[in-house]
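Peer 1: Line by line, the protein sequences give chains F and D.
First residue of the first sequence? That's 244 in our numbering, and the numbers climb one at a time after it.
First residue of the second sequence? That's 4 in our numbering, and the numbers climb one at a time after it.
So that we are looking at the same thing, I have put the structure below in structure tokens.
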Amino acid sequence: MAQSSIKSFFPTR
Amino acid sequence: MFEARLVQSSIFKKVLEAIKELLNEATFDCSDSGIQLQAMDSSHVSLVSLNLRSDGFDQYRCDRNLSMGINLASMTKIMKCAGNDDIMTMKAQDNADSVTFMFESPNQEKMSDYEMKLMNLDQEHLGIPETDYSCVIKLPSAEFARICRDLSQFGESVVISCTKEGVKFSAAGDIGSANIKLAQTANVDKEDEAVSIEMQEKVSLTFACRYLNYFTKATPLSPQVCLSMSAEVPLVVEYKIGEIGHIRYYLAPKIEE
């Protein structure tokens, strides 16, 4: 299992 | 000018304990609605969102929006100087380069003030989409902390599976495997000890124990914790902070290679 990044779910405003 | 007075400085002490291991520095955004903080951990796997509403303070004044870049290790040192029952006041001039913390002992015999330099942090802000979660689990925060601690002995990841029967936390590794199942409690006399599950559809996701154990540092803030889950989106771990606000941790899931 690979750890995903929180940034891939929440767009930078 | 910004000035916020809180009779219970213990709230701020607990808030610092809840974020200081996950974050090194963060920006406290002060406005007339209150104090907000949003920051990712250094590896960008989790996000912390803190909200303290102005009406939760005993006195609150914020003439102009103010962003205070704070080194959390320094602020922790200052908060350690406060007694749990001290009254705390945070004060900063507009576009100041320092913030002052004042602590008054309950009998007003001891008055302390600490001035801390502010930092220039250009932290990126993330947009958190409103989500209607498939599963919302409320459980005693001490129970959740215990589960995360126990299961992290078995493996680096915890699988959280939620069905209508209940929620299951699983871990596996070199020494073997572990499963902890919690069923919804029936009628409990004490609200704080209830386990409640609202399930739209079942969900099973995998998360890194390390971060869950960072999040449970917020346990002293609230007797209950709320876990919100949907397929393939970050887990939300939320602790209410009295009547003044909340702290929310978002954790990106582990996904099949």
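For each residue, glycine too, the CB sits at the ideal point set by N, CA and C.
Keep in mind the model is a prediction, meaning the values are calculated, not measured.
Confirm, please, whether the CB-CB distance from D/P223 to D/K17 is below 7 Å.
Peer 2: A contact, by the Cβ cut-off of 7 Å.
Peer 1: Can you pull the chain F residues whose beta carbon is under 7 Å from the beta carbon of D/S49, in chain order?
Peer 2: Within chain F, the residues near D/S49 are I249.
Peer 1: Could you give the residue range of the alpha helix (DSSP H) that holds D/E146?
Peer 2: Segment S144 to L154, the alpha helix (DSSP H) holding D/E146.
Peer 1: I'd like to know if D/P237 contacts chain F, where contact means its C-beta is closer than 7 Å to some C-beta of that chain.
Peer 2: D/P237 counts as touching chain F.
Peer 1: Counting Cβ pairs closer than 8 Å, one from the segment 100 to 120 of chain D and one from the segment 75 to 91 of chain D, do we hit at least three?
Peer 2: Taking 8 Å as the limit for Cβ pairs, the verdict is that the segment 75 to 91 of chain D does touch the segment 100 to 120 of chain D.
Peer 1: Given that D/M43 touches chain F, what residues does it touch there, using C-beta distances under 8 Å?
Peer 2: Chain F residues near D/M43: I249 and K250.
Peer 1: Going along the chain, which unbroken runs of the alpha helix (DSSP H) with 4 or more residues stay wholly within the segment 52 to 133 of chain D?
Peer 2: 75 to 83, all fully within the segment 52 to 133 of chain D.
Peer 1: Bridge partners of D/E196, per DSSP?
Peer 2: Paired residues: none, contrary to the question.
Peer 1: Residues of chain F with CB under 8 Å from D/A211, in chain order?
Peer 2: The answer, in chain order, is Q246.
Peer 1: Leaving out five residues before and five after D/V139 in sequence, what residues of the same chain have Cβ atoms less than 6 Å from its Cβ?
Peer 2: E201 and S231.
Peer 1: Counting along the chain, where does the beta strand (DSSP E) carrying D/A211 start and finish?
Peer 2: Unbroken beta strand (DSSP E) run through D/A211: V206 to A211.
Peer 1: Going by the beta-carbon positions, is the gap between D/F229 and D/K120 smaller than 7 Å?
Peer 2: Checking the sequence, you will find Cys at residue 229 of chain D rather than Phe. No, Cβ-Cβ distance for D/C229 and D/K120 is not below 7 Å.
Peer 1: With H, G and I counted as helix, E and B as strand and the rest as coil, what does DSSP make of D/E253?
Peer 2: Reading the sequence as shown, one finds Tyr at residue 253 of chain D and not Glu. It is a strand residue.
Peer 1: When DSSP labels each residue in this structure, what does D/E260 get in the three-state scheme?
Peer 2: In the structure shown, D/E260 sits in coil (DSSP, three-state: anything other than H, G, I, E or B).
Peer 1: So what's D/F218 in DSSP terms, helix, strand or just coil?
Peer 2: Helix.
Peer 1: Less than 8 Å between the CB atoms is what I'm expecting for D/L21 and D/Q126, so what's the real figure, rounded?
Peer 2: Rather than Leu, the amino acid found at residue 21 of chain D in this sequence is Ala. With a Cβ gap of about 18 Å, D/A21 and D/Q126 do not count as contacting.
Peer 1: Indicate whether D/A211 and D/S160 have their beta-carbon atoms separated by less than 7 Å.
Peer 2: The answer is yes: Cβ separation under 7 Å.
Peer 1: Mind the definition here: the segment 127 to 134 of chain D touches the segment 174 to 189 of chain D only if three or more C-beta pairs lie below 8 Å; say whether that holds.
Peer 2: They do not touch, by the three-pair rule.
Peer 1: Starting from D/L129, find everything on chain F with Cβ-Cβ shorter than 9 Å and list it in chain order.
Peer 2: Within chain F, the residues near D/L129 are I249, K250, F252, F253, P254, T255 and R256.
Peer 1: Would a C-beta distance cut-off of 7 Å place D/I250 and D/L53 closer than the cut-off?
Peer 2: It is a contact, given that the beta carbons lie within the stated cut-off.
Peer 1: Out of D/G248, D/Y252 and D/P226, which one is the CA nearest neighbour of D/Y217?
Peer 2: Of the candidates D/G248, D/Y252 and D/P226, the one whose C-alpha sits nearest the C-alpha of D/Y217 is D/Y252.
Peer 1: Which bits of chain F does D/P223 rub up against, with CB to CB less than 8 Å?
Peer 2: By Cβ distance, chain F contributes nothing, its closest Cβ being about 25 Å from D/P223, past 8 Å.
Peer 1: Assuming D/R56 and D/S36 are in contact, meaning their beta carbons sit under 8 Å apart, how far apart are those beta carbons, in whole angstroms?
Peer 2: Confirmed, Cβ separation roughly 7 Å.
Peer 1: If you draw a straight line from the C-alpha of D/Q203 to the C-alpha of D/V236, how long is it?
Peer 2: In a straight line, the C-alpha of D/Q203 is about 15 Å away from that of D/V236.
Peer 1: Alpha carbon to alpha carbon, what distance is there between D/C33 and D/M71?
Peer 2: Near 8 Å, if we compare the C-alpha coordinates of D/C33 and D/M71.
Peer 1: Just the chain F side, please: which residues come within less than 8 Å of D/P143 by C-beta, in chain order?
Peer 2: Those within 8 Å of D/P143 in chain F number zero; the least Cβ separation is about 27 Å.
Peer 1: Any beta carbon from chain F within less than 7 Å of D/E260's own beta carbon?
Peer 2: Chain F, which has a Cβ nearer than 7 Å to the Cβ of D/E260, makes this yes.
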